[in-house]
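In my numbering, the protein residues as written are 78 to 282.
Even for Gly, the Cβ is constructed at its ideal location relative to N, Cα and C.
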Amino acid sequence: MIAEVPDVDAKGPVIALLGPTNTGKTHRAIERMLDHRSGMIGLPLRLLAREVYDRVSARVGEGAVALVTGEEKRVPARPRYWVCTVESMPVDRPVDFLAVDEIQLAAHRQRGHVFTDRLLRARGRVETWILGAWTIAPLLRELLPDARIDSRPRFSELRHVGELKLSSLPPRTAVVAFTAERVYELAERLRRRRGGAAVVLGALS
């Protein structure tokens with residue numbers, strides 16, 4: 078049984094921008110936020126929030142942008158824009174534009190309740206954007222039947238190129254493994270043969 082959805086009719090339209098990774102959803106939301114006089118964006122990772130904060134600050138000045146995460150809080154006297162982790166969004170502050178990124182994390186065992194709350198209650202006065210993967214589309218249609226759902230195609234095509242030796246991989250290649258041990262093993266081999274590798278660990282969603 079699904080709980081009753083709060084009445085948010087007084088707010089602006091809700092637009093769901095859905096698609097796979099590397100389709101420019103977050104970039105479009107940032108640009109759209111800056112089109113408004115005020116805005117807030119909730120991001121899934123602290124480091125991503127800091128990166129977006131630096132980017133927005135470079136555009137409009139540090140005095141116009143607040144950064145709020147679980148570990149860092151920078152709030153100038155009169156911020157126009159708020160860049161936050163989803164858990165740290167001050168949703169009681171009125172802004173013209175509001176966006177929540179990676180909304181499919183509403184299904185996450187530990188963090189899902191926060192993303193679900195933002196999905197149902199966080200709204201911009203003029204416009205709200207919900208960003209995420211297509212997997213969340215059925216739930217959005219059920220909970221937010223009036224939301225407009227737009228799709229984004231991937232910028233670059235993923236292609237399987239067959240078997241390659243690590244020594245013959247071109248620069249900027251992503252190597253995916255499915256256990257932490259295998260990730261570190263491959264990273265060490267790449268460091269020995271190619272001089273360097275960056276490691277990212279996380280769950281697939």
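(request) Could you check what DSSP says for D227 in three-state terms: helix, strand or coil? (result) Translated into positions along the sequence shown, residue 227 becomes position 150. DSSP places D227 in strand when its eight states are reduced to three.
(message) For F174, count the other beta carbons within 10 Å of its own beta carbon; 16 or more makes it buried, fewer makes it exposed. Which is it?
(response) As a working note, residue 174 is residue 97 in the sequence shown. Classification of F174: buried, given that the 10 Å Cβ count is 16 or more.
(request) Given a cut-off of 7 Å, decide if P121 and E179 are closer than it, judged by their beta-carbon atoms. (result) Within the sequence shown, the letter at position 102 stands for residue 179. Within the sequence shown, the letter at position 44 stands for residue 121. Yes, Cβ-Cβ distance for E179 and P121 is below 7 Å.
(message) Using a Cβ-Cβ cutoff of less than 6 Å, which residues in the same chain neighbour A93 once the five nearest sequence positions on both sides are dropped?
(response) Counted from its first residue, the sequence shown places residue 93 at position 16. The beta carbon of A93 is closer than 6 Å to those of I207, L217, A224, I226 in its chain, skipping five residues each way along the sequence.
(message) Suppose you measure from the CA of R259 to the CA of E240; what does that come to, to the nearest Å?
(response) Stepping through the sequence shown from its first residue, residue 259 is reached at position 182. Stepping through the sequence shown from its first residue, residue 240 is reached at position 163. Each residue's Cα considered, the two are about 17 Å apart.
(request) Could you tell me which residues DSSP puts in a beta bridge with W283? (result) Because residue 283 is not part of the residues shown, which for the chain are 78 to 282, the question remains open.
(message) Using the three-state DSSP reduction, which class does E262 fall into: helix, strand or coil?
(response) Within the sequence shown, the letter at position 185 stands for residue 262. Correct three-state label for E262: helix.
(request) With a threshold of 16 other CB atoms inside 10 Å of the CB of V238, please say whether the residue is buried or exposed. (result) On the sequence shown, residue 238 is found 161 positions in, with the first residue counted as 1. By the neighbour-count rule (16 or more Cβ atoms within 10 Å), V238 is not buried but exposed.
(message) Tell me the rounded alpha-carbon separation between L111 and V129.
(response) For the purposes of this step, residue 111 is taken as residue 34 along the sequence shown, with counting starting at 1. For the purposes of this step, residue 129 is taken as residue 52 along the sequence shown, with counting starting at 1. Approximately 12 Å, taken between the alpha carbons.
(message) Between which residues of its own chain and H113 is the CB-CB distance below 6 Å, once the five residues before and five after are set aside?
(response) By one-based count along the sequence shown, residue 113 stands at place 36. D173, F174, listed in sequence order.
(request) Flag this pair as yes or no: are the beta carbons of S115 and R155 separated by less than 7 Å? (result) Taking the first residue of the sequence shown as 1, we reach residue 115 at position 38. Taking the first residue of the sequence shown as 1, we reach residue 155 at position 78. The answer is no: Cβ separation not under 7 Å.
(message) Excluding the 5 residues flanking R202 on each side, which residues of the same chain have their C-beta closer than 8 Å to its C-beta?
(response) Taking the sequence shown and counting its residues from 1, one reaches residue 202 at position 125. The residues are K88, G89, P171, V172, D173.
(request) Please report how far the alpha carbon of L95 lies from the alpha carbon of E262, in whole angstroms. (result) On the sequence shown, position 18 is the one that residue 95 refers to. On the sequence shown, position 185 is the one that residue 262 refers to. Each residue's alpha carbon lies about 34 Å from the other.
(request) With DSSP as the reference, label G273 as helix, strand or coil. (result) Here the question's residue 273 lines up with position 196 in the sequence shown. Correct three-state label for G273: coil.
(request) Only counting runs of 3 or more residues, tell me where the beta strand (DSSP E) segments fall wholly within the segment 151-193, in order along the chain. (result) 158-162, 174-177
(request) Give a yes or no on whether the C-beta atoms belonging to T162 and R123 are separated by under 7 Å. (result) Residue 162 sits at position 85 when you count from the first residue of the sequence shown. Residue 123 sits at position 46 when you count from the first residue of the sequence shown. In this structure, R123 lies closer than 7 Å to T162 by Cβ.
(message) So for G119, helix, strand or coil by DSSP?
(response) For the purposes of this step, residue 119 is taken as residue 42 along the sequence shown, with counting starting at 1. DSSP places G119 in strand when its eight states are reduced to three.
(message) Taking 6 Å as the limit between beta carbons, can you name the residues of its chain near R188, skipping five residues before and five after?
(response) Here residue 188 refers to the residue found at position 111 of the sequence shown. Same-chain partners within the cutoff: L182.
(message) Need the endpoints of the beta strand (DSSP E) that L94 sits in, please.
(response) In the sequence shown, the residue the question calls residue 94 occupies position 17. From DSSP, the beta strand (DSSP E) with L94 extends over 91-95.
(message) V276 and A264 - do their beta-carbons sit closer together than 7 Å?
(response) Position 187 of the sequence shown, counted from the first residue, corresponds to residue 264. Position 199 of the sequence shown, counted from the first residue, corresponds to residue 276. Judged by their CB atoms, A264 and V276 are nearer to each other than the 7 Å cut-off.
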